[in-house]
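If you read the protein sequences in the order shown, they are chains A and B. The C-terminal residue of the first sequence carries number 606 in the working numbering, and the numbering is unbroken. The C-terminal residue of the second sequence carries number 606 in the working numbering, and the numbering is unbroken. Report on the following structure.
2 protein chains.
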Amino acid sequence: MSHVEFRTSPAQYRHWRLDVDGPVATLVMDVDEQGGLVPGYELKLNSYDLGVDIELYDAVQRLRFEHPEVKAVVLTSGKEKIFCAGANIRMLAASEHAWKVNFCKFTNETRNGIEDASENSGQTYLAALNGTASGGGYELALACDKILLIDDRSSAVSLPELPLLGVLPGTGGLTRVTDKRHVRRDLADYFSTKSEGISGKKAVQWKLVDEVVPRVRWQEVIAERGRGYAGSASRLPGGPAIELTPLDKTTANSWATSVSGEECDVKRQVSYPHVSALLDPGRGVAEITVTGPQEDAPASMDDVYAQGAACWPLAVARALDDLILDLRTNETEIGTWVFKTAGDAAQVLGYDELLLANYDRDWLAREIVLYWKRTLKRLDVTSRSLIALIEPGSCFAGSLLELALAADRSYMLFGVFEDTDPDAAPATVTVGPANLGPLPMGNGLTRLQTRFLGDAGALAAAEKAAGDPLEAEDAERLGLVTFAPDDIDWAEEVRIAVEERASFSPDALTGLEANYRFAGPETMETKIFGRLTAWQNWIFYRPNASGPDGALRAYGTGKRAGFDRKRV
Amino acid sequence: MSHVEFRTSPAQYRHWRLDVDGPVATLVMDVDEQGGLVPGYELKLNSYDLGVDIELYDAVQRLRFEHPEVKAVVLTSGKEKIFCAGANIRMLAASEHAWKVNFCKFTNETRNGIEDASENSGQTYLAALNGTASGGGYELALACDKILLIDDRSSAVSLPELPLLGVLPGTGGLTRVTDKRHVRRDLADYFSTKSEGISGKKAVQWKLVDEVVPRVRWQEVIAERGRGYAGSASRLPGGPAIELTPLDKTTANSWATSVSGEECDVKRQVSYPHVSALLDPGRGVAEITVTGPQEDAPASMDDVYAQGAACWPLAVARALDDLILDLRTNETEIGTWVFKTAGDAAQVLGYDELLLANYDRDWLAREIVLYWKRTLKRLDVTSRSLIALIEPGSCFAGSLLELALAADRSYMLFGVFEDTDPDAAPATVTVGPANLGPLPMGNGLTRLQTRFLGDAGALAAAEKAAGDPLEAEDAERLGLVTFAPDDIDWAEEVRIAVEERASFSPDALTGLEANYRFAGPETMETKIFGRLTAWQNWIFYRPNASGPDGALRAYGTGKRAGFDRKRV
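Right, here's the structure in full:
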């Protein structure tokens, strides 16, 4: 699999058109059959692969920042009689397991992002199914706030994965059908075994769609509903659109030189203005450093608008987002990500304060905070071990402290590095308003609440320390960091942690982390990434799906799948 | 794998001793190394296999019914320096996937049953770790209300599955550590990667155990804590102990005769006094019929005590429980269970009424209801498609209606079978008090609440109909049954439903059902069966665990496991 880039822009789209007409945007899926990300399959029937979904993700992001006037988004298809046939089957059948799982994760995140826009950004999504929506196509509609289906005696909604492919719908369909749309579970069961799906009035009665519209009135009704949504949505006011300028991303290889003078150990370095990652394949580690702002936060949002995409918190969110996606997709053998920060904690807290003070009155302030929320959630569901290293000169405060709280484990230096920088100020961490509510995890709790689940006293103590720069002893006592070794033990403890991680079963680590990171309550979102995804991964991997006689391989060949009939 | 029976009794135990001393029982695990259920492994270090756990399950059940005077149960080990080493690794390594998964499911259910006894039966479990508790051994302790660990400089608690075996703890450990004991997630992460575990004061500080007790005071403190629990537990009063007499279970093979006169199609028939199952391997179906009571419910609990284990609701719960376990373990290729009932709905409701009226004042009434609750929960997590057929002469009312509500789909005959029994009364279903609260699912909701998730109006309408015998039209309108075909369509619709089910991927069906059955909120229990189990199944199945170089195979050979380092 060649290197995949997630950076794109409307001018480069091959599969989508984004039309904006005042407060209503229309996002038209019109997949180029020949435009697959990888050779070997044709994207027939508006089916999609990762490349198609990268464009969708980009469009949803740009609608937030570049089109603040938009309050309703109509998602529809540019094809006749077909809305979307879901993920391309030949692509899935030919892909290796890690690719399939990563692809589903990204598509899930994009659909969650659509729901986040409907819920928190005053941009309501309306699925206008002008043809059949099957499998991932219907799941895309499920991520929208409302679903309209054309009534033309042939168009239907369906989840045919189980009967046709021997797998589950991979992007939240089963969870959203019952938990979001409240389709009765026995009807949902029947629906999911009927490959031709359900159409017309029954689709409405069963709550699978909100409305069916006769063909002759289709255009008119969709336009009407779009205007209606736009009228009732509550998008915040604020300044002008912000252009999401091309990310300033550079990749370089560095060669370490061994004692004998030979070049060895190629390391890839990925850099953005405030984020860099040094990839060490030998140790299976990426060291990710986030740099704080270079100056104090501006006094008002006016200056943030003036800075645009270069504004520190937006630039960091974009860089982290791209880096997470890049490493997840392209560097599957780098199993541990080590997070560091460098900079001034007060400046980080200053930016947090400005954005949070304007969260309820300025669309851009809110969008930047929401972007941070989604990016941190992306980290939470990343199948890599996350370790935070908190050293002198770092700035784990407020929004950046979330990186340490998202980590599976954190190490904070007690004191300073006596040999290299004895005069440094010891590292501190600072709890700030950003840690107390605006950046919830998928489980609906803050990372602090999840950390101190069931221990109200410890949570209160940590929250009460907000604003205080806490040195290692206090941070450890308050439970904000895992370990606080001193200079003498530091290198050894960190080395062991990283080496141990690289020695363990990558699969078991993924499972361990997927369970421990989501202590406490579950939501639709965590159910999609936990319960549903885990079952889907298992099913994908079994011979009944992916073996030589499995359903995924048999599909379209005219042969019946051969199943091991044992129930597990 | 030879046939496994779940029926046992203390006189037959090879691995456990049950000592009762007034209100305190002591359950001593003393595994016979040579007593494995299957040849090929020795049960060293108090490790367990399914046979050991069958005895534990039996003991927990008998404590409820045969020892109503017991209010505290001390769970400890008969070995020196070792409490329990968890599931036997050689057994796991040699078992096929379906066996491992089914084994873990049963052990999970038994541990949930221990928690149910602590929570609802006034029998509080205390884990007295007189030696190291590792892996499943510590998970068994986690199922108890309190954990005491001996402080002898060697005994520890640990979850070494990930570092040693490349899998996850399989019986709820990860979920209970954070969600029940509220161990901080980063400490939990560290704990689960440290194969030697944690002991002494740190085990208390991290909340892994409740108390560490010096060796010299061990016996004294355990006795004291046992008496203390017994004193504070609130076991209900009531009549004398009920003996769980040997189940009257018969198994016979029947041979159908084909048109040409040849014997074909061997069918196994399993029968208990009020429950029978006809197994049809050819169609992959078991037809399970539950018969209602033969007479009206007695007027008071006195008569229930007099009837003892023969009392209808207790006898049915025991039979269903045994049947579910038998079919899950021994009949893995029978993927669909069809439920029918036969009898008088009013008599079923009469028994429900008697038990529920005494639920808060009589231990036996409560125990029978709790047993129904657990048995229905066992059905909910069973990896078989469940279909209810509601025909004339059936008695799907109250507790028996739960079987239809637990089903993935139900068919209710509209009218009667005109050819065979035109004068029959049409089938009815009746909502009763048993459907309105006392038999919650693992998600904490009733099956009606789960069914009508997010539709308060439909729920209220169904609940309001309580007491009315509802014919097919009304039952369908109220959403209590999935379909109500008439005589003309009945046979065809049912046949298609069953045949279709048999044609689908068994894995995909398991995943579909595991998601749709648990619409709505998640609890610790559903997280264990959903999120945790699904990840564990996936990990178990991957070559990193079970392949020739996988960690499960490599364990104990001196070789290191060979891992595919790709993160998925």
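For each residue, glycine too, the CB sits at the ideal point set by N, CA and C. As the structure is a computational prediction, the values presented were derived from the model and not from experiment.
Report yes if the C-beta distance between residue i and residue j is below 8 Å; otherwise report no.
i: residue 117 of chain A; j: residue 169 of chain A; result: yes
i: residue 347 of chain B; j: residue 282 of chain B; result: yes
i: residue 176 of chain A; j: residue 195 of chain A; result: yes
i: residue 261 of chain B; j: residue 593 of chain B; result: no
i: residue 435 of chain A; j: residue 488 of chain A; result: no
i: residue 49 of chain B; j: residue 161 of chain B; result: no
i: residue 238 of chain A; j: residue 250 of chain A; result: yes
i: residue 484 of chain A; j: residue 495 of chain A; result: no
i: residue 62 of chain A; j: residue 264 of chain A; result: yes
i: residue 368 of chain A; j: residue 41 of chain A; result: yes
i: residue 359 of chain B; j: residue 287 of chain B; result: no
Counting only Cβ pairs nearer than 7 Å, list the residues of chain B close to residue i.
i: residue 577 of chain A; result: 545, 546 and 549
i: residue 446 of chain A; result: 224 and 227
i: residue 557 of chain A; result: 216, 217 and 223
i: residue 493 of chain A; result: 220
i: residue 135 of chain A; result: 606
i: residue 230 of chain A; result: 550
i: residue 489 of chain A; result: 222 and 223
Using the beta-carbon of each residue, which ones in chain B are nearer than 8 Å to residue i?
i: residue 381 of chain A; result: Correct list: empty, because the minimum Cβ distance to chain B is about 24 Å.
i: residue 200 of chain A; result: 542, 543, 546, 547 and 550
Strictly by DSSP, which residues pair up with residue i?
i: residue 521 of chain B; result: B:449
i: residue 434 of chain B; result: B:467
i: residue 122 of chain A; result: A:171
i: residue 479 of chain B; result: In DSSP, residue 479 of chain B forms no bridge with anything.
i: residue 56 of chain A; result: A:65
i: residue 184 of chain B; result: B:164
i: residue 272 of chain B; result: Residue 272 of chain B pairs with nothing; no bridge assigned.
i: residue 113 of chain B; result: B:65 and B:165
i: residue 85 of chain A; result: A:124
i: residue 323 of chain B; result: B:318 and B:374
i: residue 305 of chain B; result: B:292
When the Cα of residue i is compared with those of the options, which residue comes out closest?
i: residue 383 of chain A; options: A:231, A:469 and A:138; result: A:469
i: residue 71 of chain A; options: A:77, A:191, A:65 and A:82; result: A:82
i: residue 385 of chain B; options: B:419, B:359, B:331 and B:404; result: B:331
i: residue 126 of chain B; options: B:179, B:454 and B:199; result: B:199
i: residue 52 of chain A; options: A:155, A:88 and A:58; result: A:88
i: residue 101 of chain B; options: B:154, B:233 and B:538; result: B:154
i: residue 59 of chain A; options: A:553, A:582, A:105 and A:318; result: A:105
i: residue 396 of chain A; options: A:343, A:372 and A:425; result: A:343
i: residue 451 of chain A; options: A:439, A:531 and A:408; result: A:531
i: residue 230 of chain A; options: B:560, B:572 and B:542; result: B:542
i: residue 538 of chain A; options: A:322, A:454 and A:559; result: A:322
i: residue 419 of chain B; options: B:285, B:458 and B:362; result: B:362
i: residue 329 of chain B; options: B:315, B:164 and B:338; result: B:315
Quick one: which chain B residues come within Cβ less than 9 Å of residue i?
i: residue 583 of chain A; result: 543, 545 and 546
i: residue 501 of chain A; result: Chain B residues near residue 501 of chain A: none, gap ~15 Å exceeds 9 Å.
i: residue 421 of chain A; result: 605 and 606
Closer than 7 Å by beta-carbon distance: list the chain A residues that pair up with residue i, in chain order.
i: residue 553 of chain B; result: 212, 213, 569, 570 and 573
Strictly below 9 Å CB to CB, what residues from chain A border residue i?
i: residue 205 of chain B; result: 543, 545, 546 and 549
i: residue 266 of chain B; result: Going along chain A, no residue has its Cβ under 9 Å from residue 266 of chain B, so there is no contact; the nearest lies around 23 Å.
* Quick check: the region 433-451 of chain B against the region 472-480 of chain B, are there 3 or more CB pairs under 8 Å? -> yes
* Between the region 559-577 of chain A and the region 555-568 of chain B, do at least 3 Cβ pairs fall closer than 8 Å? -> Yes, the region 559-577 of chain A touches the region 555-568 of chain B.
* When the Cβ atoms of the region 305-315 of chain B are set against those of the region 354-361 of chain B, are three or more pairs found closer than 8 Å? -> The answer is yes - the region 354-361 of chain B touches the region 305-315 of chain B, with three or more Cβ pairs under 8 Å.
* **Inter-stretch contact (C-beta, 8 Å, three-pair minimum) for the region 389-408 of chain B and the region 496-507 of chain B** => Because the criterion of three Cβ pairs below 8 Å is not met, the region 389-408 of chain B and the region 496-507 of chain B do not touch.
* Check whether the region 145-161 of chain B touches the region 395-414 of chain B, taking contact to mean three or more Cβ pairs, one atom from each stretch, closer than 8 Å. => yes
* Does the count of Cβ pairs from the region 417-436 of chain A and the region 369-380 of chain A closer than 8 Å reach three? -> yes
* Would the region 229-245 of chain A and the region 574-581 of chain B be scored as touching if the rule is three or more Cβ pairs under 8 Å? -> Judged by Cβ distances under 8 Å, the region 229-245 of chain A makes no contact with the region 574-581 of chain B, as fewer than three pairs qualify.
* Asked: So, do the region 179-196 of chain B and the region 228-235 of chain B have three or more beta carbon pairs nearer to each other than 8 Å?
  -> yes
* Asked: Pairing CB atoms from the region 593-603 of chain A with CB atoms from the region 39-46 of chain B, are three or more of them under 8 Å?
  -> no
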